[in-house]
Each structure stands twice: as structure tokens, then as C-alpha cells.
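According to this note's numbering, the residues represented by the sequence shown are 112 to 552, in order.
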Amino acid sequence: MTLIEPAPRPAASVELTIRRIASGAATGSTCTPELQTAPWKIDAGPDGYGPGSSMGDVIPVGSPRQGALPAAYRQADEAELTRRIRAAKETLGDRVVVLGHFYQRDEVVRHADFVGDSFQLANAAKARADAEAIVFCGVHFMAETADMLSGPAQSVILPNLAAGCSMADMADADSVEECWEQLEELFGAEPDEAGRAPVVPVTYMNSSAALKAFCGRHGGIVCTSSNAATVLEWAFERGQRVLFFPDQHLGRNTAKAMGVPLEAMPMWNPRQALGGNDEATLEQAQVILWHGYCSVHKRFTVEQIEQARAEHPGVRIIVHPECPMPVVDAADAAGSTDFIVKAIEAAPAGSVFGIGTEINLVQRLAAEHPEHEIFCLDPVVCPCSTMYRIHPGYLAWVLEELVAGRTVNRIEVDADTTRDARVALERMLQAVPKPLPVPGA
Ligand code: SF4
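Dropping the structure here:
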């Protein structure tokens, strides 16, 4: 496992940068002045993902809401919250493990026992079978996955229930079931002569447990941004076409790199009949892409890359595959957060990197690697809205509740969903990359 041990606190966290820009102490711009608003004030307001990259996205009706955070945590300053978090963790000892996602703010990450991407953290949760409580400082679907992979006696806690994921929310179970019914009506359910099903569903890890279970029930599979090509190969061997959700960009970028032509990748818009396609287009499709996207990675543009190259000769541009296709095509490389971290670690001192992923990770990497110059391609400070809902105040609250013998904000996936989702997750773990051809063989 390639988990990163928590690093010393960087000189300027994103939180601090936002405050310095707002006070005029630093130049730069943020996507909204509301980033300075405490998350509990957002929780008390009308529905929404909160300030940051997803603030323009539509939040589904019925998304989890966070109840009021006790005043003691809202009023405590950072030093007091740090003291309380440390004291609670010390009291709980091995009974608790705190996981921090790469995109989480530094003021939270510095309390994490493990830092990584969603799948690495789910595995870290699995590896800590001794911990009664897993406090997942990430977003809702990650806590669900950790619950499904952890032991039955372990409880997974999401410090702020409003920390969803706008991309995961773009593919809800009802819309996907409806899509599936339409595809079954069109293609039937019988395999062809080669034994390939009409459609194989593939869901990105960034999706609800319900959709992972859907894939488990319908011969489908889960993928991460690290193994999407291997998983698509697996699916093409078993299906005439793939239904890929929720991220159109990861699906398109991966399939295009595998040689699938763009015209064989129609988009499925859940608000239109046949997803907005005609029957002939769907017949010829190799990958049907769900109309979903990550609002963090949608912010990156080809113009930003051109500007970075003009201002930093020799810069290496690495972007996440959730970025739009023209951005991935213009970059020097595209890969998962783990890929980005490893590329920076492996580079010779003095390298210059322009990175297209969430700003908390980029700024942390810049602080941890003073031997390189590392900057975010997006000049506007705009963190992931939902990750940003996790504040040290919530972390202190859930930990002190555990000390008092109470488990709050537990994320539990029911047994049937867990069973079916595990089938799809297990298929992913079994899917191995095809060996590279041996030269001269
Ligand atoms: S960065 Fe994008 S995909 Fe990741 S949690 Fe935020 S909105 Fe979801």
C-alpha cells in the first residue's frame, strides 16, 4: 500500500491562503468570498454543496443534512480544537483511526493517521481491524466504501454529513435503473454468440454504494482512476458495450486512450428519452457515458496549460483524468492522485510541475517538495466544496463524542447493498492488467 504518512504542516494551507487573500495580505483570487464562511453556517442555510467548486451544481433532494454543531466547537479557535483533537485521539488510542483524503484541508489532514485517495483509505480502514471507529475525513461515498470493506463491529464516521460529492450525486440509483430498463428494452438481456452481454455497467469508485451494488447485480464492476483501463478491458471482454457512470471525462479519456473512437461514445443525459440518443447511435456505441462530471476538475483549461508553458519553460503538466478531454490531450501526462504524487516524488530536484487537480493536494505537495516548483494550473483558489465541509470543529466533536461513549454521524450501508457492491468491488480487485507484448515474441 502506498499511503503517505502525514507530513508536517505546510507553511501556507489553502485555508490560510483564502484568509490572506480576503484580508489583502496576499494577492490572488478565490472563486467566492463565502469560502470564509464557517461550514456550520452553511449547514444551517438552504440546501447546497457549499462554497467552492461545486457551488453551482444542483444538490439532489434528500441529500444528508448535518445537524447543529455544539457551540463549544463553533466558538473554539484553531489552537483549542487542535488540543482537543489530540487529547481525544490519545484517550482513544488504537480504538480509533482517522483517515484524511488528499483533498482535505491541512488543518484536518494533520490529525490523520493515514492520508491517501479514496481506495487507499478504504484499504487502510480494512487493515486496521483493531479500530472500533474509523473517522473518515473525506466525502460520503468514501465513508460508505470504508463501511462495506471494514469489519461488522467497526463503525465508520463522517464528521460532517453534508460532505457529499457533487459528481457522485449526478448519477442517482433511480436514474441509472431507468436508463438500464431503456437499454434492456432496446438490446434485450441475452448474450451474443461470443457470450458477451448487451451492456456491462461500470461505475467509478466515486459513486454511491447503491450504484456499486447495481453493478454487482448486473454483471458489472467498479473502477478507480488508477485502474480504469484495466477495468474497461475486463468489461469489453464480457460485453458488447459499456455503460460508464458517473464521470463522463474519466470514461472518455480512458476509452479514447484505448482506441475507442469518440463517435462510439455517446453521452447519456438522464433527463431525456434514450439519454438524448437515437437507437442507431446506441447500437453502435462501445461506451455510453453518463452525463456527470467533477466540478473541481472541470475548472482546468487548455488556456491555463498554454499560459503555464509560456511562463515556465520546461514545466511538466500533469492533470487528473477527471479533467475534460482537451485538457488531458494538452497535458504531458494524466493520472490519478497517486500517480501525481509518485511522479513528483520521482522527479529530479529542480523540476517544475503545473498540476491539474484539487488545490489542497497541490499546495501540500508544493510545501512538502521545496526542491521543486509546483503550482496549480488554476490560478483561482477554489477547493472541493464538499471536502471543505469537514472542519476541525467537526473532527473534535465526533472524537470527543467517542470518548464519551457515543457514536455520532455513523455511515452504515445495509447488508444487501453491501453484499452486491462487494461483488463489483471484488471483480475490480481480480481484474489484472493484460501483460505487455514481449518484444520479438
Ligand atoms: S473533487 Fe470532485 S469527485 Fe472528488 S469529492 Fe470533490 S466533487 Fe467529488
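Ideal Cβ placement from N, Cα and C applies to all residues, glycine included.
1. Please report the distance separating the alpha-carbon of residue 388 from that of residue 297.
2. Can you give me the Cβ contacts of residue 276 inside the same chain, cut-off strictly under 7 Å, excluding the 5 residues immediately before and after it?
3. Verify the contact flag: residue 255, CB atom, against every heavy atom of ligand 1, threshold strictly below 7 Å.
4. Given 7 Å as the limit, tell me if residue 364 has its C-beta closer than that to any heavy atom belonging to ligand 1.
5. Which same chain residues, not among the five before or five after residue 129, have their C-beta less than 7 Å away from its C-beta?
6. Is it buried or exposed for residue 518, if we count other Cβ within 10 angstroms and need 16 for buried?
7. Assign residue 240 to one of two classes, buried (16 or more other C-beta atoms within 10 Å of its C-beta) or exposed (fewer than that).
8. Looking only at its chain, what residues have a beta carbon closer than 7 Å to the beta carbon of residue 333, apart from the 5 residues adjacent to it on each side?
9. Counting beta carbon pairs with one atom in the region 392-399 and one in the region 373-381, are three or more of them shorter than 8 Å?
10. Taking a contact to mean a Cβ-Cβ separation below 8 Å, would you say residue 242 touches residue 197 in this structure?
11. Can you look up residue 538 in the DSSP assignment and give me helix, strand or coil?
12. With C-beta atoms as the reference, is residue 290 less than 8 Å away from residue 432?
13. For residue 210, name the three-state secondary structure that DSSP assigns.
14. So residue 427 and residue 464 are supposed to be a Cβ contact under 8 Å. How far apart are they, rounded?
15. Let me know if residue 138 comes out buried or exposed under the rule of 16 or more other beta-carbons within 10 Å of its beta-carbon.
16. Could you please go through the chain and list the residues whose beta-carbon is closer than 5 Å to any non-hydrogen atom of ligand 1?
17. How many angstroms separate the CA atom of residue 393 from the CA atom of residue 308?
Reading off the structure:
1. Near 12 Å, if we compare the C-alpha coordinates of residue 297 and residue 388.
2. Excluding residues up to 5 positions away in sequence, 250, 251, 252, 317, 497 lie with their Cβ nearer than 7 Å to the Cβ of residue 276 in the same chain.
3. No.
4. No - ligand 1 has no heavy atom lying nearer than 7 Å to the Cβ of residue 364.
5. Here the set comprises 141, 146, 147, 492.
6. Its Cβ having fewer than 16 others within 10 Å, residue 518 is exposed.
7. Result: exposed.
8. Excluding positions up to five away in sequence, the list reads 314, 316, 323, 326, 535, 536, 539.
9. Between the region 373-381 and the region 392-399, the count of C-beta pairs closer than 8 Å reaches three or more; the two stretches touch.
10. No, Cβ-Cβ distance for residue 242 and residue 197 is not below 8 Å.
11. Secondary structure at residue 538: helix, using DSSP grouped into helix, strand and coil.
12. Going by C-beta atoms, residue 290 is not nearer than 8 Å to residue 432.
13. Of the three classes helix, strand and coil, the one that applies to residue 210 here is strand, per DSSP.
14. By a beta-carbon distance limit of 8 Å, residue 427 contacts residue 464. Their separation comes to about 5 Å.
15. With fewer than 16 other Cβ atoms within 10 Å, it is exposed.
16. If you measure from each CB to the nearest heavy atom of ligand 1, the residues under 5 Å come out as 250, 276, 277, 278, 317, 405, 407, 495.
17. Between residue 393 and residue 308, the C-alpha separation is close to 15 Å.
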